[in-house]
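Order-wise, the sequence lines are chains X and E.
With full-length UniProt numbering, the residue at position 140 of the first sequence is 140, and numbering never jumps.
With full-length UniProt numbering, the residue at position 123 of the second sequence is 123, and numbering never jumps.
Worksheet: one structure, shown below.
Number of protein chains: 2
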Amino acid sequence: MVRTIERLPKRQRHQQLSRLIDENPFITDRELTRQLKVSIQTIRLDRMELAIPELRERLKLMAERSYDAVRSLPLHEVIGDIVDLQLDRSGISIFEIRAEHVFSRTGIARGHHVFAQANSLAVAVINEEIALTATADIRFVRSVKLGEKCIAKAYVRSISGERSKAKVEVFSYVGDEMVFQGHFVIYRSTGETVIEGGI
Amino acid sequence: MVRTIERLPKRQRHQQLSRLIDENPFITDRELTRQLKVSIQTIRLDRMELAIPELRERLKLMAERSYDAVRSLPLHEVIGDIVDLQLDRSGISIFEIRAEHVFSRTGIARGHHVFAQANSLAVAVINEEIALTATADIRFVRSVKLGEKCIAKAYVRSISGERSKAKVEVFSYVGDEMVFQGHFVIYRSTGETVIEGGI
DNA sequence: CAGCTATTATAACCTGGTACTAATTATATA
DNA sequence: TATATAATTAGTACCAGGTTATAATAGCTG
């Protein structure tokens with residue numbers, strides 16, 4: 001194991017290689033030889049050492065990731081994971097604030113994501129075929145930050161007979177701190193199923 | 001052009017082929033020969049006729065799509081396309097309701113997407129480093145449906161000096177019908193830049 | 001100089017195709 | 001029934017973008 005001062009060029013090249021592939025996963029080894037001025041064999045040895053798969057494998061992995069993402073999009077139906085639900089009474093959901101939910105400069109969650117969790121919970125807790133938000137009166141008590149887990153609790157306050165509206169209150173917490181509260185009025189249209197655009 | 005009654009088997013196969021590739025884009029021609037019991041040349045002729053690219057092209061296209069999606073995620077910062085913006089005065093954004101925004105059984109847009117458009121426009125129109133929604137009072141006037149284009153118009157109603165709050169009204173329309181209205185109070189913290197989670 | 005790492009070269013082989021030519025089979029219509 | 005036409009199958013050459021393996025060369029260093 002000879003370890004001298006000048007063993008950098010390889011490491012530097014490895015870094016550059018990682019960076020290049022990272023910022024353009026569609027690059028071929030041949031392209032990389034041109035950019036890094038080493039033989040194609042060196043590139044391939046480097047990829048080996050760095051455990052970077054070949055172009056086609058990279059594309060396949062990306063395709064698989066996006067395919068899975070599309071498949072799990074129906075999960076997008078409700079924002080947050082519902083962990084408890086008593087129809088027409090109450091419900092609880094958990095929503096973790098991730099990078100895609102925050103203002104990138106501040107790491108503070110955009111209001112509509114916090115709202116979305118509360119709104120979809122308020123709709124879910126109503127035991128009806130079709131339930132739509134009519135009005136909402138909301139307050140963002142304190143900002144929610146990247147990585148925090150937002151726990152929303154919904155309570156159905158009143159259901160006007162078998163009629164059209166229900167009132168739902170939602171409170172969202174991070175730990176024991178309330179971060180959001182909202183009063184929702186939800187439309188509940190029981191009978192008619194007016195679906196259009198069939199086939 | 002001979003057109004008789006019994007020219008179906010090919011069309012049927014084409015349909016099956018399309019379906020198979022659609023539900024598993026990762027399938028090779030060789031696999032397809034096994035499933036459809038025809039030669040690999042037939043499979044390839046069929047793909048030609050149907051203009052279905054080869055496996056590797058399909059994966060590359062999927063990878064590109066997802067890569068673009070990730071790259072344009074910062075565009076996710078604002079929901080809807082802002083088409084006009086006069087800072088501290090008014091703004092307009094357009095948001096097309098797509099399949100991922102609606103209740104699948106009814107084709108009616110989920111409230112939080114309509115809200116998200118209005119909310120992000122209300123925040124965008126405020127000319128400040130950091131602007132956060134404090135409260136909102138919203139009303140969903142009529143439901144918005146799949147395929148409709150939602151046009152939100154925001155008006156800044158008052159700015160309390162150089163202080164902390166601004167009032168913004170947002171009205172959303174489909175055509176000339178108002179579908180949503182909201183009164184937002186937006187926090188505007190000028191000076192302090194309290195960013196955490198650095199590196 | 002020996003010994004070591006790093007790099008480059010060379011060749012065989014692989015997958016999943018395209019492009020092209022040709023033969024075979026099925027079908028339909030005059 | 002013959003024959004034109006369409007559909008299918010077969011076979012070959014070639015390609016990109018690699019892997020695997022084996023060997024040669026360069027460069028330093030003690």
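Think of the CB as a built atom: it goes at the ideal place given N, C-alpha and C, for glycine as much as any other residue.
**Message:** Let me check understanding here. Comparing Cα to Cα, which of E:Arg157, E:Val78, E:Arg98 and E:Arg142 lies closest to Asn119 (chain E)?
**Reply:** Checked all of E:Arg157, E:Val78, E:Arg98 and E:Arg142; the closest Cα to Asn119 (chain E) is E:Val78.
**Anticipated Cβ contact below 8 Å, Ile126 (chain E) with Ala166 (chain E), distance rounded** = That belief holds up - the Cβ atoms of Ile126 (chain E) and Ala166 (chain E) are roughly 6 Å apart, short of 8 Å.
**Request:** Using a threshold of 8 Å, state whether the C-beta atoms of Lys37 (chain X) and Glu96 (chain X) are closer than that.
**Result:** Contact annotation: Lys37 (chain X) and Glu96 (chain X) have beta-carbon atoms that are not nearer than 8 Å.
**Message:** Going residue by residue through the region 38–115 of chain X, where are the continuous alpha helix (DSSP H) segments of at least 4 residues, counting only ones entirely within it?
**Reply:** Scanning the region 38–115 of chain X from its first residue to its last, the whole alpha helix (DSSP H) runs of 4-plus residues come out as 40–50 and 55–71.
**Message:** Assuming the contact rule is C-beta atoms closer than 8 Å, Ile43 (chain X) and Asp29 (chain X) should be a hit. Round their C-beta distance to whole Å, please.
**Reply:** Sure, about 5 Å apart at Cβ, within 8 Å.
**Message:** Contact criterion: CB-CB distance below 8 Å. Does Gly111 (chain X) meet it with respect to chain E?
**Reply:** For Gly111 (chain X), the answer is yes, since a Cβ of chain E falls inside 8 Å of its Cβ.
**Asked** For chain E, is any of its Cβ atoms less than 8 Å away from the one on Lys60 (chain X)?
**Response** True, the Cβ-Cβ gap to chain E drops below 8 Å.
**Message:** Going by beta-carbon coordinates alone, are Gly80 (chain E) and Ser90 (chain E) separated by less than 8 Å?
**Reply:** A distance of 8 Å or more separates the beta carbons of Gly80 (chain E) and Ser90 (chain E).
**Prompt:** Do the region 169–187 of chain X and the region 123–141 of chain X touch if we need at least three Cβ pairs shorter than 8 Å?
**Reply:** Taking a contact to require three or more Cβ pairs closer than 8 Å, the region 169–187 of chain X and the region 123–141 of chain X qualify as touching.
**Asked** So is the beta-carbon of Arg157 (chain X) under 7 Å away from any non-hydrogen atom of the ligand MN?
**Response** As for the ligand MN, it is missing from this structure, which has no ligand bound.
**Message:** Please state whether the Cβ-Cβ distance between Ala122 (chain E) and Ala99 (chain E) is less than 8 Å.
**Reply:** At least 8 Å separates the beta-carbon of Ala122 (chain E) from that of Ala99 (chain E).
**Message:** For Arg110 (chain X), tell me which candidate among X:Ile159, X:Leu146 and X:Ser39 has the shortest Cα-Cα distance.
**Reply:** Distance check between Arg110 (chain X) and each of X:Ile159, X:Leu146 and X:Ser39 places X:Leu146 closest, using alpha-carbon atoms only.
**Message:** Under 7 Å, CB to CB, which of the residues in the region 122–133 of chain E have a partner in chain X?
**Reply:** Residues of the region 122–133 of chain E that bring their beta carbon within less than 7 Å of a beta carbon in chain X comprise Ile130, Leu132 and Thr133, in sequence order.
**Asked** Closer than 8 Å, Cβ to any Cβ of chain E: which residues of the region 75–106 of chain X, in chain order?
**Response** If the cut-off is 8 Å between Cβ atoms, the region 75–106 of chain X has His76, Glu77, Ile79, Glu100, Phe103, Ser104, Arg105 and Thr106 near chain E.
**Prompt:** Roughly how many angstroms lie between the CA atoms of Asp46 (chain X) and Leu32 (chain X), to the nearest whole one?
**Reply:** Taking the straight line joining both Cα atoms gives about 11 Å.
**Contacts around Tyr173 (chain E), its chain only, beta-carbon distance under 6 Å, and the 5 residues preceding and following it disregarded** = Only Ile151 meet the Cβ criterion.
**Prompt:** Taking Cβ-Cβ distances shorter than 7 Å, what residues in chain X pair up with Ala136 (chain E)?
**Reply:** Against chain X, the beta carbon of Ala136 (chain E) has neighbours under 7 Å at Ile138, listed in chain order.
**Contacting residues, own chain, Cβ-Cβ under 6 Å from Ile130 (chain X) (five flanking each side not counted)** = Non-local C-beta neighbours of Ile130 (chain X) in its own chain, meaning closer than 6 Å and more than five positions away in sequence, comprise Ser189, ordered along the chain.
**Message:** Let's see if you can read the secondary structure: which residues bound the beta strand (DSSP E) around Arg139 (chain X)?
**Reply:** Arg139 (chain X) -> beta strand (DSSP E) spans Ile130 to Phe140.
**Prompt:** Distance, Cα to Cα, Leu49 (chain X) vs Lys60 (chain X)?
**Reply:** Sequence check: residue 49 (chain X) is Glu here, not Leu. In this structure, the straight-line span from the alpha carbon of Glu49 (chain X) to that of Lys60 (chain X) is close to 21 Å.
**Prompt:** Mind pulling the chain X residues with CB within less than 9 Å of Ala116 (chain E)?
**Reply:** Below the 9 Å Cβ cutoff, chain X contributes Arg110, Gly111, His112, His113, Phe115 and Ala116 as neighbours of Ala116 (chain E), in chain order.
**Message:** Determine whether the beta carbon atoms of Gln35 (chain E) and Leu20 (chain E) lie at a separation below 8 Å.
**Reply:** Their beta carbons are under 8 Å apart, which means Gln35 (chain E) touches Leu20 (chain E) by this criterion.
**Prompt:** Excluding sequence positions up to five away, which residues of its chain have a Cβ less than 6 Å from the Cβ of Arg143 (chain X)?
**Reply:** Before going on, a small fix: residue 143 (chain X) reads as Ser here, not Arg. If we look at Ser143 (chain X) and ignore the five residues flanking it on each side, its Cβ neighbours are Ile108.
**Asked** Can you tell me where the beta strand (DSSP E) with Glu148 (chain E) in it begins and where it stops?
**Response** No beta strand (DSSP E) contains Glu148 (chain E), which DSSP labels as neither H nor E.
**Asked** Which residues bound the alpha helix (DSSP H) around Asp176 (chain E)?
**Response** Run containing Asp176 (chain E): none; DSSP gives neither H nor E here.
**Prompt:** Looking only at DSSP bridge pairs, what is Ser189 (chain E) linked to?
**Reply:** In the DSSP assignment, Ser189 (chain E) is bridged to E:Ile130.
**Item:** Interface flag, Ala63 (chain X) vs chain E, CB-CB below 8 Å
**Value:** Taking 8 Å as the CB threshold, Ala63 (chain X) lines the interface with chain E.
**Message:** For a test of the three-state rule: what should DSSP assign to Ser120 (chain X), helix, strand or coil?
**Reply:** Looking at Ser120 (chain X) - three-state DSSP - the assignment turns out to be helix.
**Prompt:** Listing by chain order, which chain E residues have their CB less than 7 Å from the CB of Arg56 (chain X)?
**Reply:** Residues of chain E passing the Cβ test: Arg56.
**Request:** Give the single residue among X:Val102, X:Ala124, X:Ala63 and X:Ala51 whose Cα lies nearest to the Cα of Asp84 (chain X).
**Result:** Closest option to Asp84 (chain X), judged by alpha-carbon separation, among X:Val102, X:Ala124, X:Ala63 and X:Ala51: X:Ala124.
**Residue interval of the alpha helix (DSSP H) (run including Thr28 (chain E))** = Neither: Thr28 (chain E) is in no alpha helix (DSSP H) and is coded neither H nor E.
**Nearest candidate by alpha-carbon position, reference Val179 (chain E), set E:Pro53, E:His113 and E:Gln12** = Nearest in C-alpha terms to Val179 (chain E), of all of E:Pro53, E:His113 and E:Gln12, is E:His113.
**Asked** Excluding the five sequence neighbours on either side, which residues of its own chain have a C-beta within less than 8 Å of the C-beta of Gln117 (chain E), listed in chain order?
**Response** So the list reads Ile79, Gly80, Ser93, Phe95, Cys150, Ala152 and Ser172, once near-sequence residues are dropped.
**Item:** Assigned secondary structure, Ser18 (chain X) (DSSP; H/G/I helix, E/B strand, else coil)
**Value:** Ser18 (chain X): helix per DSSP, three-state reduction.
**Message:** For the region 15–43 of chain X, list every residue whose C-beta sits within 8 Å of some C-beta in chain E, in sequence order.
**Reply:** So the close ones are Pro25 and Phe26.
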